[in-house]
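Engineer:
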Amino acid sequence: EPEVTQTPSHQVTQMGQEVILRCVPISNHLYFYWYRQILGQKVEFLVSFYNNEISEKSEIFDDQFSVERPDGSNFTLKIRSTKLEDSAMYFCASSGQNNSPLHFGNGTRLTVT
Amino acid sequence: DQQVKQNSPSLSVQEGRISILNCDYTNSMFDYFLWYKKYPAEGPTFLISISSIKDKNEDGRFTVFLNKSAKHLSLHIVPSQPGDSAVYFCAASAMGGGADGLTFGKGTHLIIQP
Numbered sequence: 001e002p003e004v005t006q007t008p009s010h011q012v013t014q015m016g017q018e019v020i021l022r023c024v025p026i027s028n029h030l031y032f033y034w035y036r037q038i039l040g041q042k043v044e045f046l047v048s049f050y051n052n053e054i055s056e057k058s059e060i061f062d063d064q065f066s067v068e069r070p071d072g073s074n075f076t077l078k079i080r081s082t083k084l085e086d087s088a089m090y091f092c093a094s095s096g097q098n099n100s101p102l103h104f105g106n107g108t109r110l111t112v113t
Numbered sequence: 114d115q116q117v118k119q120n121s122p123s124l125s126v127q128e129g130r131i132s133i134l135n136c137d138y139t140n141s142m143f144d145y146f147l148w149y150k151k152y153p154a155e156g157p158t159f160l161i162s163i164s165s166i167k168d169k170n171e172d173g174r175f176t177v178f179l180n181k182s183a184k185h186l187s188l189h190i191v192p193s194q195p196g197d198s199a200v201y202f203c204a205a206s207a208m209g210g211g212a213d214g215l216t217f218g219k220g221t222h223l224i225i226q227p
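Line by line, the protein sequences are chains A and B. Here the first sequence is numbered in this note's numbering, starting from 1 and rising by one per residue. Here the second sequence is numbered in this note's numbering, starting from 114 and rising by one per residue.
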């Protein structure tokens with residue numbers, strides 16, 4: 001069964017550094033998402049992406065964050081200047097249609113020191 | 114403001130019995146509800162969904178019930194199996210949109226005891 005893949009599985013970075021989290025969504029999917037889960041808290045929506053543009057973003061997704069689909073397969077989340085509170089599991093997800101369930105990747109654990 | 118609430122952080126059920134996981138929501142605009150299952154070190158995996166035009170959806174051992182007037186949904190697993198031990202997230206979206214972000218509950222850790 002096709003799956004969403006995320007790399008790396010664990011990223012450690014120093015505060016203030018830029019990080020890029022990478023995702024390869026399921027190939028025929030059109031809708032792409034990033035979620036995050038801070039340890040011990042709920043999964044939170046960050047951003048959705050469709051037709052090469054952001055369709056919705058949450059309050060968390062401020063100017064430090066950006067997303068890109070640089071080619072036909074990758075979907076990236078960039079955090080420009082990481083803060084300690086950005087430490088979390090970041091999940092990429094994709095779906096084929098507007099109202100179909102999301103398929104999640106296994107996540108990237110980001111640790112900001 | 115928790116729009117989706119799962120009030121039980123954990124639930125322990127004997128193998129073979131019924132597991133009932135509950136979820137309440139406050140946003141009356143939600144019209145699509147999903148349950149996801151999550152194992153450690155993995156992403157959430159879709160289990161079952163229900164649209165607000167229905168009150169029940171069944172898929173094998175999993176049944177989701179929706180009570181719109183009470184803004185409550187539940188997931189029933191019967192019979193419960195050891196592999197069902199995981200964290201279960203209730204999620205909801207508004208306006209029938211997948212492009213809108215899902216709002217998740219905090220999850221319920223289901224433990225199936227032999």
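Every residue gets a Cβ at the ideal spot worked out from N, C-alpha and C, and that includes glycine.
Tell me which residues share the same chain as B:T139 and place their Cβ nearer than 7 Å to its Cβ, disregarding the 5 neighbours each side in the sequence.
Structural biologist: Taken in chain order, the residues that qualify are Q116 and K184.
Engineer: By how many angstroms is the C-alpha of A:Y90 removed from the C-alpha of B:F146?
Structural biologist: C-alpha separation (whole angstroms): 22 Å.
Engineer: Scan the stretch 122-160 of chain B and note each continuous beta strand (DSSP E) run of 3 residues or more that stays entirely inside, going in chain order.
Structural biologist: Counting whole runs of 3 or more residues, the stretch 122-160 of chain B contains the beta strand (DSSP E) stretches 123-127, 132-138 and 143-151.
Engineer: If I measure Cβ to Cβ from B:Q226 and keep anything under 8 Å in the same chain, skipping five residues before and after, which residues do I get?
Structural biologist: S125, V126, Q127 and E128, listed in sequence order.
Engineer: Kindly indicate if chain B contains any beta-carbon less than 8 Å away from that of A:H10.
Structural biologist: By this cut-off, A:H10 is not an interface position.
Engineer: Grab me the residues of A:F104's own chain with a C-beta within less than 8 Å of its C-beta, minus the 5 sequence neighbours each way, in chain order.
Structural biologist: Contacts found: V4, Y35, F91, C92 and A93.
Engineer: Excluding sequence positions up to five away, which residues of its chain have a Cβ less than 7 Å from the Cβ of B:L289?
Structural biologist: Look at the range of chain B in this structure, 114 to 227, and you will see that residue 289 of chain B is not part of it.
Engineer: Quick one: measure Cβ to Cβ for A:V24 and A:N74, integer angstroms, because I've assumed they're closer than 8 Å.
Structural biologist: Confirmed, about 6 Å.
Engineer: Counting contacts by CB-CB distance shorter than 8 Å, is A:L102 in contact with chain B?
Structural biologist: Yes, A:L102 counts as interfacial toward chain B.
Engineer: Does any CB atom of chain C fall closer than 8 Å to the CB of A:Y33?
Structural biologist: In the displayed structure, chain C is absent; the protein chains listed are A and B.
Engineer: Beta carbons nearer than 8 Å to chain A: which residues of the stretch 154-173 of chain B have them?
Structural biologist: Residues passing the 8 Å Cβ filter: A154, E155, G156, P157, T158, F159 and S162.
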